[in-house]
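Same order as they appear, the protein sequences are chains A and B.
Oh and the first sequence: position 176 is 176 in the numbering used here, straight run, nothing missing.
Quick note, the numbering used here runs 266 ahead of the 1-based positions in the second sequence.
Idealized CB from N, CA, C, for every residue including glycine.
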Amino acid sequence: MIPAKFDYIKVGSVSEAINMLEKHGDEAKILAGGHSLIPAMKLRLSRPEMLIDISGISGMDTISEDDDEIVVGANCTHSAIASSELVNSQLNILAQTAKCIGDIQVRNRGTIGGSLAHADPASDYPATILACDAKIEVEGKSGKRTIDATDFFLGIFTTALTEDELITAIRFPKVVNGSYHKFFQSASRFAVVGVAAVKEGDSVKVGVTGVSGTPYRATAVENAYDGTSSAASHAVDDVDVMSDHFAGEEYRSHLAKVMVKKALEA
Amino acid sequence: MNITVTINGEEHSHDVEPRISLAQYLRETLDLTGTHIGCDTSGCGACTVTVDGAAAKACTLLAVQVDGCEVTTIEGMAQNGQMHPIQEAFKENHGLQCGFCTPGMVMTAVDILKNNPNPSEEEIRHGLEGNFCRCTGYHNIVKSIQHAAEKING
Ligand SMILES: Cc1cc2nc3c(=O)[nH]c(=O)nc-3n(C[C@H](O)[C@H](O)[C@H](O)COP(=O)(O)OP(=O)(O)OC[C@H]3O[C@@H](n4cnc5c(N)ncnc54)[C@H](O)[C@@H]3O)c2cc1C
Ligand code: FES
Ligand code: FES
C-alpha cells in the first residue's frame with residue numbers, strides 16, 4: 001500500500017512550519033509521528049500534496065516544570081510521557097493515559113500533539129486533557145494563543161485549530177489525585193470508553209472519551225458527586241452517544257456508567 | 267530526496283521518493299528482506315525494526331523520516347556469525363513455527379528487554395501487544411523472551 005505522491009520537507013522551527021502551512025494552504029499537512037496520518041494516506045483517505053515534518057523542531061519534545069504547572073511539548077512521544085519522572089510524580093494521570101495507548105511501537109513514534117490535533121473520538125488523551133483542565137498552546141500566522149481543553153474538541157476529527165496553526169505544547173496543572181480508566185477495543189486497543197477523573201477536596205472533574213463524537217466533561221456527574229460513586233448514573237446525561245459495530249448505543253451508555261463508577265471509586 | 271541512514275552499523279545513502287516506507291526501502295532497495303510486511307497498516311508488527319534503539323513499525327514510517335537515524339533490522343542481530351541471545355532463545359524454546367512474525371517479535375523483544383531487563387510474564391505479554399503470531403499461540407514466544415532475559419543477564 002503506497003500513499004499518493006507528495007512532497008516532503010523537514011522544518012527546523014515553528015515559524016518555518018507556519019510559513020509552509022500558509023504557503024501551501026489545505027494541500028499541506030503537518031507530520032509529527034505519522035501514526036494516524038500515514039495509515040490514512042496509505043488507505044488514500046487523506047492525500048496531502050505536501051508533508052511538513054515538525055519532528056526535528058528543537059524544544060518541542062521537552063517536558064518541564066513551570067511553577068505549579070507541567071508543560072509537555074507537542075512532539076513528546078507517548079513513550080517519553082509514560083517514562084518521564086516529572087510526569088509520573090506530578091501528573092501521574094497523564095503517564096497512566098500514555099501507557100495504555102496502542103503498543104510499544106506506536107508509543108515510540110506517536111506524539112501527544114498529533115493525537116490531540118487528529119481528535120479521533122476513540123483516542124485516550126482527550127479525557128485526561130479535559131479532566132485536568134489543561135491548556136493547549138498553539139501558534140499560527142497571527143501569533144500565539146492558548147485554547148482551553150473544554151473549547152478545543154469540536155467533533156469527530158475536528159478541533160478549534162485553524163488551518164495555519166500548530167500545537168506547540170500542552171500546559172497542565174500538577175495533579176495529585178487523578179486516574180484514567182480505559183475499556184479497550186480488543187483488536188485495535190483504542191478506547192471504547194475512556195474516563196479520567198481528577199479529585200480535589202469534595203469535588204471531582206470527569207473527562208470522557210470514546211462515548212460521543214466529541215469528548216466531554218461529564219458535568220452532570222460532577223454536579224451530582226457526593227463523595228460516593230452514585231453520580232456515575234449521570235455519565236451520559238444530555239450526551240449524544242455513538243453507536244458502531246464494536247459497541248451499540250445502549251451497551252456504550254452502560255459501559256460509560258461502569259467506567260465512570262470505577263473512576264469515582266479509584 | 268537524498269537520505270543517509272545507518273543500517274546495522276553501515277551507512278547507506280540513497281535518493282528515495284518521500285512516499286516510500288522504511289519497510290519498502292529496506293526490502294526493495296537494500297535487499298534486507300528479513301523485515302517482513304504482513305498487514306502494511308501498522309497492525310501486526312511483522313515489520314518491526316529499531317530506530318535509534320526504539321522498536322518501530324517500518325511500514326508506518328517513511329524512509330525520509332529516518333534520515334540521519336540508526337536502524338537495526340533482524341539481519342543486524344547476529345554478530346560474527348554468532349546468533350544474538352534473543353535469537354538463540356527463540357531457537358531453543360521453539361519460539362517460532364512458520365517464522366513470519368519472528369523478525370518483528372525479536373526486534374520488539376530488544377525494546378522490551380532494554381527498558382525492563384527482568385520482565386514478568388505479564389509484562390512480556392503486554393510488550394507484545396503490537397505483534398501478531400498466527401502459529402505459536404504466543405506461549406513459546408513469551409518463554410523465549412524470558413529465557414533471553416536470563417541469558418543476557420548472565
Ligand atoms: C496500531 C495503532 C494503535 C493505536 N492505538 C491508539 C490508542 O489506543 N489510543 C490512542 O489515543 N491513539 C492510538 N493510536 C493513534 C496514535 O496515538 C497516534 O500516534 C496519534 O493519534 C497521532 O499522533 P502522531 O504524532 O502519530 O500524529 P500524525 O499522524 O503525524 O498526525 C496526525 C494529525 O495531526 C496533525 N498534527 C500532528 N502534529 C500536530 C501539531 N503539533 N499541531 C497541529 N497539527 C498536528 C497532522 O497534520 C495530522 O492531521 C494508535 C495508532 C496505531 C497506528
Ligand atoms: S506490516 Fe507493519 S505492522 Fe503489519
Ligand atoms: S510463527 Fe508463524 S506467524 Fe508466528
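For residue i, is the beta carbon positioned less than 7 angstroms from some heavy atom of ligand 2?
i: K10 (chain A); result: no
i: D103 (chain A); result: no
i: S308 (chain B); result: yes
i: I170 (chain A); result: no
i: A312 (chain B); result: yes
i: I303 (chain B); result: yes
i: C325 (chain B); result: yes
Looking only at C-alpha atoms, which of the options sits nearest to residue i?
i: L154 (chain A); options: A:L130, A:N177, A:E139, A:K141; result: A:L130
i: A232 (chain A); options: A:V239, A:A224, A:D238; result: A:A224
i: P3 (chain A); options: A:G110, A:I112, A:K42, A:L31; result: A:K42
i: R47 (chain A); options: A:I54, A:G59, A:I30; result: A:I30
i: A169 (chain A); options: A:A235, A:I52, A:S83, A:I63; result: A:I63
Is residue i near ligand 1, going by C-beta to nearest heavy atom under 7 angstroms?
i: D377 (chain B); result: no
i: P39 (chain A); result: yes
i: I390 (chain B); result: no
i: H360 (chain B); result: no
i: A235 (chain A); result: no
i: H118 (chain A); result: yes
i: Y186 (chain A); result: Here the sequence assigns Ser to residue 186 (chain A), which means Tyr is not the residue at that position. No, the beta carbon of S186 (chain A) sits no closer than 7 angstroms to any heavy atom of ligand 1.
In terms of DSSP beta bridges, what is residue i paired with?
i: F153 (chain A); result: A:T159
i: S179 (chain A); result: A:A197
i: R217 (chain A); result: A:G207
i: I112 (chain A); result: Answer is none; I112 (chain A) lacks a bridge partner.
i: M50 (chain A); result: A:D7, A:A28
i: E139 (chain A); result: A:K144, A:L166
i: A320 (chain B); result: B:V317
For residue i, verify whether its CB is less than 7 angstroms away from any heavy atom of ligand 3.
i: Q363 (chain B); result: yes
i: F267 (chain A); result: Past the edges of chain A, shown from 1 to 266, lies residue 267 (chain A), and the structure says nothing about it.
i: T374 (chain B); result: no
i: F356 (chain B); result: no
i: T219 (chain A); result: no
i: C401 (chain B); result: yes
i: T368 (chain B); result: yes
Is the separation between the beta-carbon of residue i and that of residue j shorter than 8 angstroms?
i: G213 (chain A); j: D124 (chain A); result: no
i: D333 (chain B); j: I269 (chain B); result: yes
i: D14 (chain A); j: L264 (chain A); result: With the sequence shown as reference, residue 14 (chain A) is identified as Val, and Asp is not the correct amino acid for it. Cβ atoms of V14 (chain A) and L264 (chain A): not closer than 8 angstroms.
i: F366 (chain B); j: H302 (chain B); result: yes
i: C335 (chain B); j: V315 (chain B); result: no
i: A187 (chain A); j: G210 (chain A); result: no
i: I156 (chain A); j: P121 (chain A); result: yes
i: D164 (chain A); j: L21 (chain A); result: yes
i: A239 (chain B); j: A375 (chain B); result: The shown model of chain B, from 267 to 420, leaves out residue 239 (chain B), and the question about it has no answer.
Query raised in the report: If contact means a Cβ-Cβ distance below 8 angstroms, which residues of the region 192-220 of chain A contact chain B?
Result: none
Report task. Taking a Cβ distance cut-off of 7 angstroms, strictly less, list which residues of the region 389-410 of chain B are near chain A, in chain order. Result -> G393, E395, G396
Report task. Note down, in chain order, all residues in the region 373-387 of chain B with a beta-carbon under 8 angstroms from any beta-carbon belonging to chain A. Result -> T374, D377, I378, N381
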